[in-house]
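Structure record follows, encoded as structure tokens.
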Amino acid sequence: MTSFMPPADRIWWKVPVGRQEIIWIAIALVWCLILFFMMPYWHIYGKQNLSNEAYQTTPAKFGAKVQAMIDQYKVGEEAGIPIVKPPAGSDVYLLGRLWQWYPILDLEKDKTYRLHLSSMDWQHGFSLQPININIQVVPGYEMVITVTPDQAGEYGIVCNEYCGIGHHTMVGKLYVKE
Amino acid sequence: MAQFRTCPDTGLYFHKSAESLIKANAVVGAVFLLVAGILALLVTLTRWQAIHLLPADQFYMALTAHGIDALIFWIIFFEMAVLYVASSVLLRCRLATPYWGWVQFALMMVGSVMTNVAIFQGGSSVMMTSYVPMQAAPHFYLGLILFAVGALIGCFVFFGTLVVAKDEKTYEGSVPLVTFGAITAAIIAVFTIASGAIILVPTFLWSIGYISHIDAEMYRIIWWGLGHSSQQINVAAHVSIWYLIAGLVFGARPMSEKVSRAAFLLYIFFLQLASAHHILVDPGVSSEWKVFNTSYAMYLAVLASMIHGLTVPGSIEVAQRAKGLTNGMFEWLRKAPWDNPVFSGMFISLITFGFIGGITGVVMGTEQINLIIHNTIYVPAHFHATVVTGTTLAFMAITYFLIPVLFRRQMILPGLAKIQPYLFGGGMSILILFMLGAGTMGVSRRHWDMDFTGAALGFDYPGIAYTMMGIGAFGGVIGVLGGAAFLLVTVGSLLFGKKLEPSAGLLQSFGVPLAASCYSSTKPEILPMAPPLEHHDTTSFEAPGTFVLALLLLVSFVVYYFINWKYLASVWPLS
Amino acid sequence: MNETTNQPDEKKERIPAMQSLLDNPFLLLFIGVAMPTVFYLMWGIMEIVTIPVAP
């Protein structure tokens with residue numbers, strides 16, 4: 001009956017707190033600190049951290065970089081989309097636009113690449129499946145992620161940020177070869 | 001002269017103008033719940049891949065409207081009612097400036113209808129988030145702005161009522177805990193609405209051509225000050241309702257005023273920082289910003305929720321044990337009134353919010369773990385556990401209490417009301433758990449077709465993902481039935497329930513005051529402090545059963561948290 | 001807490017600072033708006049506007 005009445009004591013702040021609550025608060029606080037320190041811990045010892053490297057860009061500027069890479073390293077074509085095999089350790093570029101991921105990247109297993117992501121138009125979601133890595137792709141920003149594919153295979157890139165009526169057709173591809 | 005009605009059953013005082021406003025806001029909220037529920041059925045039947053009901057354009061339209069009608073319009077209309085109850089009714093005080101209260105109501109009405117019109121005209125299927133540079137019709141944004149201005153006015157009517165209550169000394173000592181929780185909600189609402197204004201006003205001007213460019217990342221950061229904080233209003237509001245129901249049903253008193261209020265204070269300080277949960281895989285924002293904000297500055301708001309998680313059921317246990325239900329750890333819980341929807345709704349809300357909504361929220365709000373969860377269907381699964389089985393079910397539970405007390409109608413279909421919280425909570429829990437599973441397998445949210453029909457390049461989700469989406473959608477259908485049962489019982493009671501007061505007619509159910517003879521100009525008696533507790537032994541464990549439940553929560557939390565780190569460790573190295 | 005609750009002599013005691021804070025909704029409102037405005041909004045926007053232009 002007292003949760004909706006004023007506290008029984010005028011100075012309720014000084015009413016002693018029960019042992020049960022104090023113990024629970026102590027346990028919960030320790031857990032909260034563990035939750036917190038796991039993030040910096042993973043930055044130091046973990047292998048999956050998103051880089052902070054990003055640049056302001058424009059669709060034209062980013063598109064030109066993508067095209068330059070394609071011109072230099074194109075090795076084939078699939079469903080009208082160029083397949084590109086840039087050298088291991090290089091900068092690779094992937095753009096999202098209505099409604100495709102462009103181009104198809106062909107990467108080498110266990111080699112490290114600098115993957116640049118940006119959008120030509122609306123926001124898109126880079127969702128690499130089935131490995132399940134998800135990154136927001138925002139027009140006007142070029143994000144650079146250092147990535148080391150450690151499992152070979154054929155991967156789908158699903159767009160998981162709603163981008164209009166053709167959103168569900170926006171699927172890209174990425175190869176990782178031994 | 002302010003006129004008050006005393007409820008003959010509960011002794012609560014209703015200020016005439018406040019009473020009308022509470023009714024009007026709650027009823028309109030329920031109308032939006034109805035709309036949102038119908039849309040929920042369409043959305044869930046479309047994502048059930050075997051049925052795949054709507055075509056793509058209608059699906060995205062329905063999903064946009066579902067999000068906005070449920071997450072914003074239903075909940076905030078109802079929260080206006082909660083704010084007026086927590087200030088005027090609980091403090092036995094006249095509502096400050098009822099005129100502005102009606103301005104609140106009118107602006108929110110106009111705004112919510114305008115935005116719905118924009119969506120259903122078809123040119124504004126931009127999802128609730130309306131990320132630029134995708135553009136909606138100007139009146140989509142204008143409706144939201146008007147709605148937000150209305151809600152802001154409502155918050156200030158609430159704060160004004162607190163001032164009046166203090167000046168006119170309508171209560172002794174400090175405000176009740178439930179009112180304090182409502183203050184927390186209103187404070188968060190002010191920040192929410194301010195963020196909304198900062199970003200939606202320029203976006204509206206952009207949509208009519210006065211501004212040429214809105215930066216997409218800037219929009220995301222500021223919009224989420226609105227989008228996520230608005231859900232934090234709900235947390236503060238439904239926790240207050242848990243405390244209120246514990247008091248109403250069990251006569252429970254807070255285990256410690258100091259602890260519960262300090263926990264709300266942590267919400268005021270830190271809860272809103274969690275807007276950063278949505279920015280964790282965005283370009284250009286530093287890890288320092290992400291870590292500090294996503295963790296509510298060292299998880300201090302999580303600490304607060306864990307405290308409420310102990311003190312709310314703990315206060316119930318103490319009250320039950322005082323009544324002699326002292327056998328074993330859980331007699332107090334076993335013999336709780338499980339057939340009273342006010343209690344069962346509240347308790348299911350507490351459990352699902354804590355065990356599912358809370359834990360998944362912290363897990364996916366961890367900076368690095370978000371990489372394997374962002375924008376998958378795991379995200380809507382999480383917030384259905386917080387906002388649907390958490391907030392909405394708590395609001396449903398308190399509505400069952402309000403029908404006789406506020407509306408003066410007897411509830412119809414009591415048998416259906418008894419099972420409604422189980423139907424709704426159970427169905428939604430199935431939806432949530434299986435959507436969590438599908439999200440872990442990478443199924444995208446806000447996506448019309450997981451078969452990618454028509455895509456130049458394909459990708460196949462594993463078969464189990466389809467099964468999970470199917471079972472989840474089936475749970476969603478049960479959840480919708482539970483929601484329909486709620487509306488049938490409540491709206492039916494307002495229309496056909498036995499009148500507990502002869503003048504409680506049809507119009508009275510929608511905000512018209514009762515007969516003049518119900519009200520009197522006599523000032524209510526001063527709200528006294530709660531009666532002192534006879535004895536209080538601070539060294540004993542007053543609520544051992546609750547402590548066991550709390551430890552169970554902690555163990556689930558720890559296990560699930562580290563499972564997700566392990567899962568993260570299996571994906572490609574990134575830096 | 002004990003049986004002396006609500007006794008008149010208690011009224012002379014000064015209200016602790018934390019309780020006065022919790023009893024002051026407008027101070028709480030200020031803090032509750034200032035905290036996320038500074039740490040979330042302003043800090044976040046600063047991060048965005050200081051992103052370098054792509055080479």
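Just so you know, the protein sequences line up as chains A, B and C, in that order. Okay, so the first sequence: first residue is 1 according to my numbering, each after it adds one. Okay, so the second sequence: first residue is 1 according to my numbering, each after it adds one. Okay, so the third sequence: first residue is 1 according to my numbering, each after it adds one. For glycine and all other residues, C-beta sits at the position ideal for the given N, C-alpha and C.
Name, please, each residue of chain B whose Cβ falls closer than 8 Å to the Cβ of residue i.
i, result
"A:Pro149", "Trp572"
"C:Glu47", "Gly284, Val285, Ser286, Trp289"
"A:Pro87", "Residues of chain B passing the Cβ test: none, with the nearest at roughly 19 Å."
Just to check, is the beta-carbon of residue i closer than 7 Å to a non-hydrogen atom of the ligand PLP?
i, result
"B:Ser240", "Among the ligands in the structure shown, none appear at all, so the ligand PLP cannot be discussed."
Please classify residue i: does DSSP put it in a helix, a strand, or coil?
i, result
"C:Thr5", "The predicted model places C:Thr5 with a pLDDT of 47, which falls under 50 and marks its position as unreliable; any figure quoted below should be read in that light. Coil, per DSSP."
"B:Asp57", "helix"
"C:Ile48", "helix"
"A:Asp91", "strand"
"B:Val443", "coil"
"A:Thr148", "coil"
"A:Met1", "Below a pLDDT of 50, predicted positions are generally treated as unreliable, and A:Met1, at 49, falls in that range; no measurement from the model is reported."
"B:Ser275", "helix"
"B:Val555", "helix"
"A:Ala54", "strand"
"A:Gln123", "coil"
"B:Leu500", "coil"
"B:Gly361", "helix"
"A:Trp101", "strand"
"A:Met38", "helix"
"B:Leu280", "coil"
Over the uninterrupted alpha helix (DSSP H) stretch that includes residue i, give me the two end residues.
i, result
"B:Leu507", "Element bounds for B:Leu507: n/a, residue is neither H nor E."
"A:Val158", "Unbroken run through A:Val158 is the beta strand (DSSP E), 153-159; no alpha helix (DSSP H)."
"A:Glu77", "Note, A:Glu77: premise wrong, no alpha helix (DSSP H); beta strand (DSSP E) at 74-78."
"B:Thr115", "98-121"
"B:Thr294", "287-294"
Please list the partners that residue i has in chain B, where partner means a Cβ-to-Cβ separation under 7 Å.
i, result
"A:Thr169", "Phe452, Gly454, Ala455"
Who are the neighbours of residue i on chain C, taking C-beta pairs under 7 Å?
i, result
"A:Tyr55", "Ile51, Pro52, Val53, Ala54"
"A:Lys14", "Pro16"
"B:Asn293", "Phe39, Tyr40"
Could you please give the first and the last residue of the uninterrupted beta strand (DSSP E) stretch that includes residue i?
i, result
"A:Ile135", "133-137"
"A:Pro82", "81-84"
"C:Glu13", "Segment: none, C:Glu13 is in no beta strand (DSSP E) and carries neither H nor E."
"B:Phe14", "13-15"
"B:Thr6", "4-6"
Are the C-beta atoms of residue i and some chain C residue less than 8 Å apart?
i, result
"B:Gly181", "no"
"A:Gly18", "no"
"A:Ile22", "no"
"B:Arg576", "Past the boundaries of the shown model lies residue 576 of chain B; chain B is included only from 1 to 575, so the question cannot be answered."
"B:Ala194", "yes"
"B:Gln231", "no"
How about residue i: is its C-beta nearer than 8 Å to some C-beta of chain B?
i, result
"A:Gln67", "no"
"A:Pro82", "no"
"A:Gln129", "yes"
"A:Ala26", "no"
Please tell me whether residue i has its Cβ less than 8 Å away from any Cβ of chain A.
i, result
"B:Tyr308", "Here residue 308 of chain B is His; the residue named in the question, Tyr, does not match the sequence. Taking Cβ atoms only, chain A never reaches closer than 8 Å to B:His308, which makes this a no."
"C:Glu3", "Annotation note: pLDDT 43 at C:Glu3 (below 50); position unreliable, coordinate value reported separately. With 8 Å as the cut-off, C:Glu3 does not count as an interface residue toward chain A."
"B:Ile373", "yes"
"B:His447", "yes"
"B:Tyr171", "yes"
"B:Val43", "no"
"B:Asp215", "yes"
"B:Phe4", "no"
"B:Met329", "no"
Just the chain A side, please: which residues come within less than 7 Å of residue i by C-beta, in chain order?
i, result
"B:Pro254", "Thr2, Ser3"
Would you mind telling me which residues of chain C sit closer than 8 Å to residue i, beta carbon to beta carbon, in chain order?
i, result
"A:Ile11", "Glu10, Glu13, Ile15, Pro16, Gln19"
"A:Lys61", "Ala54"
At a CB-CB cut-off below 9 Å, which residues of chain A make contact with residue i?
i, result
"B:Thr376", "Ser127, Asn132, Asn134, Asn160"
Taking a Cβ distance cut-off of 8 Å, strictly less, list which residues of the stretch 558-575 of chain B are near chain A, in chain order. Val558, Tyr561, Trp565, Leu568, Ala569, Val571, Trp572, Pro573, Leu574, Ser575
Contact residues within the stretch 16-40 of chain C, judged by C-beta distance below 8 Å to chain A: Pro16, Met18, Gln19, Leu22
Taking a cut of 9 Å between CB atoms, which residues from the stretch 131-162 of chain A lie near chain C? Tyr141, Glu142
Residues of the stretch 239-269 of chain B whose Cβ lies closer than 7 Å to any Cβ of chain C, in chain order: Arg261, Leu265, Ile268, Phe269
Beta carbons nearer than 7 Å to chain A: which residues of the stretch 91-125 of chain B have them? none
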